[in-house]
Amino acid sequence: MDSSPRLNGNQTARLRWRLARIAQNSAMMNSKEKPMKRVLAALILTTALATPVAAQEVPLSGTVAEVFGTRIVLSTPEGRVLVTLPQGTTAPAPGTRLDLTGTRTGETFAATTVTEGPAAAPAEAVLPSALRGLDLTDIRTRSRKDGKIYIYARGGTGWLRAEARGDRLLEVQTDGAGLPQPLIETLLPAAVRAEPRLAEIARLTEIDLDDDGEISVEGFATDGMRIEIEFSRDGTLKDFERERDDRRSLSEAAARDRLVALGYTDIGFMERGGRHVTALATNPYGDTVEVRLDDQGRVERERLWQN
-15 MDSSPRLNGN
-5 QTARLRWRLA
5 RIAQNSAMMN
15 SKEKPMKRVL
25 AALILTTALA
35 TPVAAQEVPL
45 SGTVAEVFGT
55 RIVLSTPEGR
65 VLVTLPQGTT
75 APAPGTRLDL
85 TGTRTGETFA
95 ATTVTEGPAA
105 APAEAVLPSA
115 LRGLDLTDIR
125 TRSRKDGKIY
135 IYARGGTGWL
145 RAEARGDRLL
155 EVQTDGAGLP
165 QPLIETLLPA
175 AVRAEPRLAE
185 IARLTEIDLD
195 DDGEISVEGF
205 ATDGMRIEIE
215 FSRDGTLKDF
225 ERERDDRRSL
235 SEAAARDRLV
245 ALGYTDIGFM
255 ERGGRHVTAL
265 ATNPYGDTVE
275 VRLDDQGRVE
285 RERLWQN
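For the sequence shown, the numbering used here assigns the number -15 to the initial residue and increments by one for each residue that follows.
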């Protein structure tokens, strides 16, 4: 389709007049060759500037997290992006890997081409790539306005709790026997895994990945002592702490029994603090909540947890 600018009546008349003048002065072309070249160059430049410049297309890749008609939310390593699909394109299912081209404005993207890759399992579609393939079930997520995603999921030996931004995992912890070994190998660089003191942790329960690249791990030794280790970006040991686990809060087993007695069901991830225990559960009214018990087993706080 010709997208060249159209000339109106006045512009057409002026152009005809200019062409006539050029014809009348053809005998003077040799003496006025350079000025005429400048005129023609100016006309060409004016036409080029009047033609709209197409927006530059860029690539975008990620996994479909949500579908809203002809729009989708794409989970990418940089965060979530709202994508408008080309007209006539069938929206792919959540979990589908997409490679797109189009124009991006902030956190929105207008796609012009869409190429599908293999789909992830539907339940895993919302998970960062580091958490996929771990056979997690009962996956629950909650998004925040700052772009963070909170995740709860059941693993083989207990529950996992994680924080992520896009495909980047920021924190993961477990209330079970320890984090899965494949996850540990994915998150911890070789230099960290080779640190001799890391072997003192018999049950590694938490990994934190700071924005500046620093890494901290936490777990328990065979004698029950709690160990926390911090590493720099390059895997150099920065800090090591070993202390007695003298928390006065209820044990996980006692807290679980207490919640059942209070009418809570579907009790999931549980975290012990110094004097309280926080758990994800369903209250007697059927709401999914974060509930906190004090060291006497009393409900200290209950907060609605929305998927």
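Every residue gets a Cβ at the ideal spot worked out from N, C-alpha and C, and that includes glycine.
Item                                                                                                                                                              : Value
Whole angstroms is fine: what's the gap from residue 120's alpha carbon to residue 250's?                                                                         : 16 Å
According to DSSP, simplified to helix, strand and coil, what is residue 297?                                                                                     : Outside the shown range of the chain, which is -15 to 291, sits residue 297, and nothing can be said about it.
Check the DSSP bridge columns for residue 289 and list the partner residues they point to.                                                                        : None, per the DSSP bridge assignment.
If you follow the alpha helix (DSSP H) that residue 43 is in, where does it begin and where does it stop?                                                         : Here residue 43 belongs to no alpha helix (DSSP H); instead the beta strand (DSSP E) covers 42 to 52.
What's the gap between the Cα of residue 265 and the Cα of residue 193?                                                                                           : 27 Å
Are the region 231 to 246 and the region 273 to 283 touching by the rule of at least three beta carbon pairs closer than 8 Å?                                     : yes
Tell me the DSSP secondary structure of residue 280 in three-state form.                                                                                          : coil
Would you kindly work out how many angstroms separate the C-alpha atoms of residue 96 and residue 41, rounded to a whole number?                                  : 9 Å
If you run the structure through DSSP and keep just helix, strand and coil, what is residue 184?                                                                  : helix
Look at the alpha carbon of residue 289 and the alpha carbon of residue 273, and state the distance between them as a whole number of angstroms.                  : 5 Å
Where does residue 237 fall in DSSP's three states?                                                                                                               : helix
Quick one: give me the first and last residue of the alpha helix (DSSP H) that residue 176 is part of.                                                            : 174 to 177
Looking at the secondary structure, which residues open and close the alpha helix (DSSP H) in which residue 165 lies?                                             : 165 to 171
So, helix, strand or coil for residue 200, using DSSP?                                                                                                            : strand
If you follow the beta strand (DSSP E) that residue 59 is in, where does it begin and where does it stop?                                                         : 55 to 60
Using the three-state DSSP reduction, which class does residue 153 fall into: helix, strand or coil?                                                              : strand
So, helix, strand or coil for residue 75, using DSSP?                                                                                                             : coil
DSSP three-state call for residue 118: helix, strand or coil?                                                                                                     : coil
CA-CA distance, residue 188 and residue 111?                                                                                                                      : 21 Å
Specify the secondary structure class of residue 113 as computed by DSSP and reduced to three states.                                                             : helix
Using a Cβ-Cβ cutoff of less than 6 Å, which residues in the same chain neighbour residue 185 once the five nearest sequence positions on both sides are dropped? : 203, 211
Cα separation between residue 58 and residue 174?                                                                                                                 : 31 Å
Is it buried or exposed, residue 49, if we count other Cβ atoms within 10 angstroms and call 16 or more buried?                                                   : buried
Could you check the C-alpha separation between residue 200 and residue 69 for me, to the nearest Å?                                                               : 41 Å
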